[in-house]
Amino acid sequence: MSISRIVLNEAPGEIRAAAFDEAGQAVRLFLQRWSGDGQPVRAGEIVSARLRQSDVKDGGAFFETASGERIFVRGDVPKGLSEGAETTLEIRAEARHGKLARGAFSKQDPTPAFDAFTAWLDELPGQPPEPETAADAEDLDAIEAAFDEALAPAVGLARGGLIRLDRTAALIAIDIDSAGRNRKGSAAARALSINKEAVETAARQVALRDWGGLLVIDCLAPLTAEARTQLRDAFLAAFQSVSARKVEALKPSRFGLLEAKIAWGASPIEDRLLDETGQKTADTELLDLFRDAARQAAADRTAFFRLTLSPRALKAYNARRNDCDAILNSACSGRVSIASGTGEQSVVRRA
670 MSISRIVLNE APGEIRAAAF DEAGQAVRLF LQRWSGDGQP VRAGEIVSAR LRQSDVKDGG
730 AFFETASGER IFVRGDVPKG LSEGAETTLE IRAEARHGKL ARGAFSKQDP TPAFDAFTAW
790 LDELPGQPPE PETAADAEDL DAIEAAFDEA LAPAVGLARG GLIRLDRTAA LIAIDIDSAG
850 RNRKGSAAAR ALSINKEAVE TAARQVALRD WGGLLVIDCL APLTAEARTQ LRDAFLAAFQ
910 SVSARKVEAL KPSRFGLLEA KIAWGASPIE DRLLDETGQK TADTELLDLF RDAARQAAAD
970 RTAFFRLTLS PRALKAYNAR RNDCDAILNS ACSGRVSIAS GTGEQSVVRR A
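Per our numbering, residue 670 is the first one in the sequence shown, and the count goes up by one each step.
This is the structure we're talking about:
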């Protein structure tokens, strides 16, 4: 498994990209909104921040950027750095639901205009191909499907069966379901076959979703000593082929549990698209509508369209009203406008 293609979609207000392996499976995702304006700090970015609180109990210190985002730095504060003083930090892990961004002290100057997409490309392992701009509806559909897959609670295996993925506050739990799998061969051979495909798929999914932390895969029995080694090695190889993040894994235990620990980096895709209740954020709803409108406008270059916004989407629109109008006008040649009223759901209609 390695990255063979990267497809980029520059939609109104949002840049999305997906990296695919040789089999056409999505393995990594990129997302940037509003050209990065007003967005949380990104992994690899160098930022200025002021010390707000040094907490021995928490084993580190809390800093705040000019935008008001808080960053936690583990370890001792340099001598002479008092509360309110400014320093530079390198972002090691982005914020996620319930967790602040993590940083480390840096001697570099703050990044004046951080190029998040280039940083994402540089983090990909090996020598990934040059990104391609989405050329047609098929490419756009592939990117949409990749983002949908990153939110799915279960993913099918190519030769039958599936894995169920559950990210909790403590760890990522992955269960293997063999329903629909070919039953030929010995029990050990069947178990090795589905377990190997499952751990490789799990590794791809963790990379795709930008998940980190502790992970446990409940492998199917029976497991021989050789099979345990193969499964650990298969998981590590699959993950390292698509991500440069630090990863450690153990052989499955006598209870069949393969444990791994993965460094956090980018914010999980679901945390950027959904709120903590699992619903789309207002920005997600608005930008999904813009993307749909842009596709419809591109498909019919003589038609005009009007967007009816839900109350939540309208709130996001009003927060950036001038920018939104300019973005839509530029992307759709003035053929897409915002309706004066609101609706229960956001929708694109012909004007």
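We put the CB at the ideal spot given by N, CA and C, even for glycine. Quick caveat, the model's predicted, so the values are computed rather than measured.
Item                                                                                                                                                          : Value
For Phe-783, which of Ile-715, Leu-720, Asp-817 and Pro-798 has the nearest alpha-carbon?                                                                     : Ile-715
For Ala-687, which three-state DSSP category applies?                                                                                                         : strand
Classify Arg-970: buried if its beta carbon has 16 or more other beta carbons within 10 angstroms, exposed otherwise.                                         : exposed
Within its chain, find whatever has a CB closer than 7 Å to the CB of Ala-815; leave out the 5 residues flanking it on each side and keep chain order.        : Ala-687, Ala-695 and Leu-698
Under three-state DSSP, which class holds Glu-755?                                                                                                            : strand
Entirely within the segment 925-957 and at least 3 residues each: give me those beta strand (DSSP E) ranges in chain order.                                   : 926-931
In chain order, what residues of the same chain lie with their CB nearer than 7 Å to the CB of Gln-1014, ignoring the 5 residues before and after it?         : Ser-979
Within the segment 774-824, note down every full alpha helix (DSSP H) run reaching 4 residues or more, in order along the chain.                              : 785-792 and 806-818
Contact check, Trp-703 vs Arg-989 under 8 Å by CB: the rounded distance?                                                                                      : 7 Å
Could you give the C-beta distance for Arg-960 and Glu-683, rounded to a whole number, given that I count them as a contact under 8 Å?                        : 7 Å
If I measure Cβ to Cβ from Leu-831 and keep anything under 7 Å in the same chain, skipping five residues before and after, which residues do I get?           : Ala-823, Val-824, Gly-825 and Asp-846
Considering only the alpha carbon of each residue, which of Gly-1010, Gly-1003 and Ile-996 lies closest to Arg-981?                                           : Gly-1010
Of all the options Ala-906, Val-746, Ala-972 and Asp-844, which has the alpha carbon lying nearest to the alpha carbon of Ala-1020?                           : Ala-972
Which whole-angstrom value describes the C-beta separation of Ala-773 and Leu-758, a residue pair presumed to lie in contact below a C-beta threshold of 8 Å? : 7 Å
Just the C-alpha distance for Val-1005 and Ser-862, rounded to the nearest angstrom, thanks.                                                                  : 52 Å
With distance defined between alpha-carbon atoms, name the residue in Leu-956, Ala-770 and Asn-987 nearest to Arg-685.                                        : Leu-956
Can Leu-884 be considered in contact with the ligand PLP, in the sense that its beta carbon sits closer than 8 Å to one or more heavy atoms?                  : With respect to the ligand PLP, the structure offers nothing, as it holds no ligand at all.
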